[in-house]
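UniProt numbering puts the first residue of the sequence shown at 1, with every later residue one more than the last. Where is the CB? At the ideal position from N, CA and C, for every residue including glycine. Small disclaimer: the values here were computed from a predicted structure and weren't measured. Written below as C-alpha cells is the structure these notes are about.
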Amino acid sequence: MERGKRIQAINGEIPLPEAIIQHIQSFLDGKQAAQTSVLSKSWYNAWLTRPNVDLDERNFPIIDAKSLIPDEFLIFAKKTMERYRNFNLKIESFRLWMRSTRPGSISLANELILGALKMDVNGIDLEFDPPNMSFVLPDQVLEFQTLIRLSVIGCKIDPPVGGKVNCLGLKSLTLSTVRIGDDLVWDIISSCPLIENLVLSICEGMVEVRKLNFVRKVTKMLTLRSPSIEFDKRNSGSVVAAPIKVSEFYKLKCLLLERVTIDNLFFRDFAHKFPCLEDLSIQYCYGYKGIQISSRTIKCISMGQTRMLRGKFDVPNIRKFSFSGSSIPSLSFTTASRDWESDISLSCSRYHLGVPWFLELKKLLSKLSQSKISLNIWFLLEKRIDCMGDNQGLPMPVVENLILSMNSRSAVGSALLDGLFWSFHPKVITLSWFPRSLNEPNNTLIELLCKKLILQESESSCSQNLSVLDLHDLEDVNVEIREDSRSEWRPLPWKALLDASTSPEKKKKVRFLLKWVSSA
C-alpha cells in the first residue's frame, strides 16, 4: 500500500492523505488510536496500516491475572502482526505491554518481538508487569543494526550468543528494572557510537560502569538524555577524584546528579569537561561543601536538598537558578543576564531564629537581587525568634513572590513577620487558606497578616521599639483568592479572612498584593 496516497472522500468526507491521518494517530496511545478507526473508512484503513504498532494487554478484559492470555489480546496481537507481514509493511515503532505471569506470555512476547524486527522496526518499547527475570530479551534485539530506540522494562538481558552487540544506529536506550551485567552495559555503550539518550534505572547485577570512569558505583540510575546524564541511587555512590574523560561528554546538554557522593574536584574545569552543558541539577548529593562553576553555556541550575554552604557561579547566560534545602547558602553570581529567575525553597527546622538567620537570608536575597526572586519558606517547629537589630547597611531586597507554610501554630507570631519584613520586601505573599474546623496554623498567620499589613496592628514581640519594622514603606495592600490551580485570581475583601462565617469549605489559595514605595 502506498504510504502517501490520498484516500477517496466518502459521503462528503474531506479527503486527507493517509500519512496525515497516521501522523495524527501517532500522537495517541494504542487505545485512543483504535477509537479513531470508527470516524470513517479512511481513518479505519489508516489505522490498520499505521507505522506505530501498540499492543497493550491492559486494553483487554482481565479475567484472572494468572490464567491464560486473554483470547481477545492473543488474537488481536497475532492478527495485527500478520496483517503487516502480508502487506509487506515496515514498522517505525513497536510497543508491547504484557502481563508476565500468564502461561505462554514469554513465548508470545518472543514471537511478537521477532516479528517486529523482521519488519525493520526503528523503535522498540517493551514492558512486562510484574518484572519477570525468567524472560530473557531475544539476542536478535541487540544485534539489530538499524534499531534507533530501545526501551526495556521488567526482564533479563543477557549478552548475545555471538558475544557482540551490533546496534550501530542506536541513539536512545532505556533499561529499567532489568537484570544486566556491567560487561554488557559496557559493550552496549562502546558498541553504539551514536547513543545520545541512556537510562539505566534499578538495574540488578550492575556494580561498576567503567565507561563512566568518575562513578565507582551506579546501581540505580544513569541517564543520558537529549543528550543528558543522570545518576540516581538510594544508597549514596562515590565519585573518583580523577579527571573526567571529556571526550565522553562533549555533547552533554543536561546533567542530573542524584544521591551520589561528589567532591570539589568534580567542579574543576567544569566548562572544559562539559562544553555544551545547559542544564545542571544536583539533588540529594553529599561529600562537598562548596561549588564553583564557570560556564558560558549553562542556562539552568537546580540544587535540591543539599547541604552546600558556599556557591560561586560565573554563568553569564543563566536563565534560572533553583535551590531547596534546610540551610541558607552563601552564593555569589557573575552574570550578564538581565532576565533570569531564582527560586529558593527553605525548610526551617531550627528552634531558635535570631538575627544571624535573618541576616543570612537578607544577604542571600541581596546576591540574587539581579533576578526575579521567588521564595518559599516552610516553618516546621515551634520557634523562638529574637528581635531584629540594625540591618548593617544592606539594601532591601525585593521578592516577587513569598510562599509561606506553617506546620506549628506556635511558630506563628508577630516576631516572625518582623524578621521577614526586616530581611526583604515581598510584592506578593501567598498562603493556603483552610476550613476553620481544621485549626490550621496557616489560618492564624493569615489573620496576623491582615492585622499587621492592613490594620497596622502590632504585637509587642520584644521590648525594643524598632522603626525599621513599622512598614512605613508600605503603600497599599490588596487581597485575592483562587479556588484551585485552574481558576483565576479574584479580589477578596480582607475582612472575610477574619470572619469565621466566611471560612472556606475546602482549601483555597490566598495572596496579599503589596505595593512598596521603593518598588512602585
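query: Taking Cβ positions, are residue 534 and F128 nearer each other than 8 Å?
result: The structure shown does not extend to residue 534, since the chain is modelled only from 1 through 520, so no value can be given for it.
Query - Presumed contact (8 Å Cβ cut-off) between L404 and L431, rounded CB distance - result: The Cβ separation is near 5 Å, so the contact holds.
Exercise for review: Return the CA-CA distance between L438 and I24, expressed in angstroms with no decimal places.
Suggested key: Going from the Cα of L438 to the Cα of I24 covers about 48 Å.
Query - Distance between beta carbons of F512 and V479, contact taken as under 8 Å - result: In this structure, V479 and F512 form a Cβ contact; the two beta carbons are roughly 6 Å apart against a cut-off of 8 Å.
- Item | Own chain residues within Cβ distance below 6 Å of I157, not counting five before or after | Only L137, V178, I180 meet the Cβ criterion.
**Asked** For C285, which three-state DSSP category applies?
**Response** Three-state result, C285: coil.
- Message: According to DSSP, is G290 part of a helix, a strand, or is it coil?
- Response: In the three-state reduction of the DSSP assignment, G290 falls in the strand class, which pools E and B.
Quiz prompt | Burial state of E505, where buried means 16 or more other Cβ atoms lie within 10 Å | solution = Note on E505: under 16 other CB atoms within 10 angstroms of its CB, so exposed under the neighbour-count rule.
Practice task
Just grab the DSSP bridge partners of C348 for me.
Solution key: C348 pairs with F379.
**Request:** Would you mind giving the Cβ-Cβ distance between M81 and L112, rounded to the nearest angstrom? I have them listed as a contact below 8 Å.
**Result:** Going by Cβ atoms, the distance from M81 to L112 rounds to 6 Å, so yes, they are a contact pair.
- Message: Give me the residue from F358, I153, S281 with the minimum Cα distance to L173.
- Response: Closest option to L173, judged by alpha-carbon separation, among F358, I153, S281: I153.
_For a quick check, are the C-beta atoms of G290 and N317 less than 8 Å apart?_
The answer is no: Cβ separation not under 8 Å.
* Can the beta-carbon of N122 be found less than 8 Å from the beta-carbon of R83? -> No.
task = Compare the beta carbon distance of V165 and S191 with 8 Å and say whether it is the shorter of the two.
result = Cβ distance < 8 Å, so V165 and S191 count as in contact.
Report task. Excluding the 5 residues preceding and the 5 following F358 in the sequence, name in chain order all residues of the same chain whose CB lies nearer than 7 Å to its CB. Result -> Correct list, in chain order: M388, G419, W422, S423.
Terminal residues of the continuous beta strand (DSSP E) containing R310? 310-314 is the span of the beta strand (DSSP E), which, as asked, contains R310.
Query - Nearest-angstrom beta carbon gap, F266 and I293 [assumed within contact, 8 Å] - result: The beta carbons of I293 and F266 sit about 10 Å from each other, so the pair does not count as a contact at 8 Å.
Locate the beta strand (DSSP E) running through E480, then write down its first and last residues.
Its beta strand (DSSP E) spans residues 474-482.
Using 10 angstroms around the beta-carbon of R50, count the other beta-carbons present and answer buried if the total reaches 16, otherwise exposed. Classification for R50: buried.
* To do: Have a look at N86, D183, W340, Y288 and flag the residue whose alpha-carbon is nearest the alpha-carbon of I298.
  => Nearest option by C-alpha distance: W340.
Checklist line | Check whether L114 and Q140 have beta carbons under 8 Å apart | finding: Their beta carbons are under 8 Å apart, which means L114 touches Q140 by this criterion.
- Query: On the three-state DSSP scale, how would you describe M396?
  - Reply: Reduced to three states, the DSSP call for M396 is coil.
field: Identified DSSP bridge partners for T430
entry: Paired residues: I403, R511.
| said: So if DSSP puts P491 in a beta bridge, which residue, or which two residues, is it bridged to? | reply: Under the DSSP definition of a beta bridge, P491 partners with E480.
- Item | Beta-bridge pairing of E341 - partner residues as DSSP gives them | Answer is K320, K372, bridged to E341.
Note to self: Rounded to whole angstroms, what is the Cα-Cα separation between L471 and L453?
What the structure shows: The alpha-carbon atoms of L471 and L453 are separated by roughly 8 Å.
Taking only beta-carbon atoms, is F128 less than 8 Å away from chain D? The structure shown contains no chain D; it holds only a single protein chain.
Rank S295, S414, K367 by C-alpha distance to the C-alpha of H272 and give the top, closest one. Relative to the Cα of H272, the nearest Cα in the group S295, S414, K367 belongs to S295.
Where R268 and Y288 are concerned, what is the direct C-alpha to C-alpha distance, given to the nearest angstrom? Whole-angstrom Cα-Cα distance: 13 Å.
Are the beta-carbon atoms of V399 and K362 separated by less than 8 Å?
-> When the beta-carbon positions are compared, V399 and K362 stay at least 8 Å from each other.
Closer than 6 Å by C-beta to E440: which residues in its own chain qualify, once you throw out the five before and the five after it? Chain order, please. Here the set comprises F434.
ask   = If you check the beta carbons only, do I377 and L331 fall under 8 Å apart?
value = Cβ atoms of I377 and L331: not closer than 8 Å.
| said: Which residue wins for smallest C-alpha separation from N110, given the options D120, L96, T101? | reply: Of the candidates D120, L96, T101, the one whose C-alpha sits nearest the C-alpha of N110 is L96.
Subject >> Host alpha helix (DSSP H) of S105 (start-end) >> reply: Unbroken alpha helix (DSSP H) run through S105: 105-118.
Candidates K509, L497, S342, of which the one nearest E483 by Cα | Ranking the options by Cα distance to E483, first place goes to K509.
Top-ranked residue by Cα proximity to D183, from E196, E204, S134, L168
Of the candidates E196, E204, S134, L168, the one whose C-alpha sits nearest the C-alpha of D183 is E204.
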